[in-house]
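Our numbering applies: residue 372 is where the sequence shown begins, and numbers increase by one.
Ideal Cβ placement from N, Cα and C applies to all residues, glycine included.
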Amino acid sequence: FEHRNYMPMIGPLFAVMYYLVYFANMVHRPAAKRAVLSLPVIVILFSGLLTHQSAIIWSDPGALFRVWALEHPDSLRAQRIYGQYLGINQQPELAIQTLDATFHKFSHDISLPLEIINISCRYDLQAPYSIQDIENMILNARYSDGILTMTKTLIDSIVNKKCNHYEIPEAIALVSAISKIPNLQKLLGQLSPAIELLDTVYKYQPLPTAPIRQARLLASAGLYPEALKYIEKAKTAAQTKKLFVPSELPKIIEFEAQIKKMVKIDNNSARHGV
């Protein structure tokens with residue numbers, strides 16, 4: 372049984388039965404006994420009826436998400452999940468409408484227009500937003516757990532020719548723009564999504580910029596061995612850059628020396644039990 376549905380009625384039900392038994396005792400004792408015996412049956416039937424009604428509603432994800440969205444119009448999560456459900460279940464126009472209305476309320480979450488573009492790509496529809504629009508929104512963006520997922524989905528769709536409205540350079544420019552946000556780790560919520568996003572940038576733009584950023588993020592978290600691995604990747608990328616382009620190798624080597632110095636300090640501290 373889903374106790375939350377019927378527990379509020381248990382108290383009033385017992386109160387009614389108490390007074391019923393009390394008055395029954397005053398009139399006819401066998402009737403009082405029958406009333407007492409009927410109490411558990413009434414409670415079970417009442418609970419079962421409410422649970423059955425709830426099961427009919429909540430067993431259908433569409434009904435569940437729709438009711439959740441209607442009851443919580445100011446919940447970003449409720450609106451997003453309802454929009455995602457509509458998109459998965461062949462209702463792209465309603466999904467886009469729901470997510471677009473949600474984005475007007477939560478304009479800091481750029482994962483919403485990214486998801487709208489992904490749904491538009493899936494059903495070959497024209498999205499109300501362009502990739503350039505999202506690039507312009509990036510400076511006002513705040514934390515969202517959907518940015519990394521939606522961005523990777525969009526890139527995969529474009530690269531694999533599943534989206535006819537955008538070109539690969541547009542997708543790469545978007546990821547590159549997101550990766551340049553100063554507080555990238557805060558935007559994505561954790562360090563690992565930030566590293567993963569920069570891996571995606573490097574995959575399509577094998578320049579030293581992304582691994583240098585990764586090394587800085589890891590070093591700031593005290594993960595010096597991991598940071599040095601990305602320093603090596605940055606050095607490789609810097610050595611393979613085109614001619615007549617200023618090399619970033621001296622800066623990378625200087626940063627590598629700083630990290631190795633911090634590793635040495637950590638090792639000395641550990642050795643002396645500090």
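Discussion item. Once DSSP output is grouped into helix, strand and coil, what is the label at glutamine 401?
Written reply: First, the amino acid is wrong: residue 401 is proline here, not glutamine. In this structure, proline 401 counts as helix in the three-state DSSP scheme.
Fill in: Simplified DSSP assignment, three categories, for glycine 560
coil
Practice prompt. Taking all protein chains shown into account, decide if glutamate 373 is buried (16 or more other Cβ within 10 angstroms of its Cβ) or exposed.
Written response: For glutamate 373, the predicted model reports a pLDDT of 47, less than 50, meaning its position is unreliable; a value from the coordinates is still stated below. So glutamate 373 ends up on the exposed side.
Discussion item. Tell me the rounded alpha-carbon separation between isoleucine 646 and leucine 578.
Written reply: Residue 646 is absent from the structure shown; the chain starts at 372 and stops at 645.
Worksheet entry | Classification of glutamine 461 by the beta-carbon crowding that lies within 10 angstroms, buried from 16 upward | exposed
Practice prompt. Assign aspartate 637 to buried or exposed, taking buried as 16 or more other Cβ atoms, counted over all protein chains shown, within 10 Å of its Cβ.
Written response: exposed
Worksheet item: Would you call the segment 424-439 and the segment 455-469 touching, i.e. three or more CB-CB distances under 8 Å?
Response: yes
Worksheet item: Going straight from the alpha carbon of glycine 382 to that of arginine 448, what length do you get?
Response: 35 Å
Worksheet entry | Rounded Cβ spacing between alanine 512 and leucine 562 (contact assumed at less than 8 Å) | With a Cβ gap of about 18 Å, alanine 512 and leucine 562 do not count as contacting.
Item to complete: For leucine 588, count neighbouring Cβ atoms within 10 angstroms of its own Cβ and tell me buried if that reaches 16, exposed if not.
Response: buried
Practice prompt. Could you have a look at serine 528 and say whether DSSP puts it in helix, strand or coil?
Written response: helix
Worksheet item: Under a Cβ-count criterion, where at least 16 other Cβ atoms within 10 Å of its own Cβ denotes burial, should threonine 473 be classed as buried or exposed?
Response: buried
Worksheet item: Between which two residues does the alpha helix (DSSP H) containing histidine 443 stretch?
Response: Counting along the chain, histidine 443 falls outside any alpha helix (DSSP H), and DSSP gives it neither H nor E.
Worksheet item: Got a sec? Which residues, its chain only, sit under 6 Å from alanine 598 by beta carbon, not counting five neighbours each side?
Response: Ala586, Leu589, Ala590 and Ile630
Worksheet item: Using DSSP with H/G/I as helix, E/B as strand and the rest coil, what is asparagine 349?
Response: Any question about residue 349 goes unanswered here, given that the chain covers just 372 to 645.
Discussion item. Do glutamate 619 and alanine 609 count as a contact pair if the criterion is CB distance below 9 Å?
Written reply: yes
Worksheet item: Going by C-alpha distance, which of Lys606, Pro553, Ala440 and Ile502 is nearest tyrosine 514?
Response: Pro553
Item to complete: Express the C-alpha separation of leucine 525 and serine 482 in angstroms, rounding to a whole number.
Response: 11 Å
Worksheet item: When DSSP labels each residue in this structure, what does lysine 476 get in the three-state scheme?
Response: helix
Worksheet item: For glutamine 556, which residues of its own chain have a beta-carbon under 7 Å away from its beta-carbon, when the five flanking residues on both sides are left out?
Response: Leu562, Ala565 and Leu588
Worksheet item: On the three-state DSSP scale, how would you describe lysine 551?
Response: coil
Worksheet item: Under a three-way DSSP split, which group does threonine 520 fall into?
Response: helix
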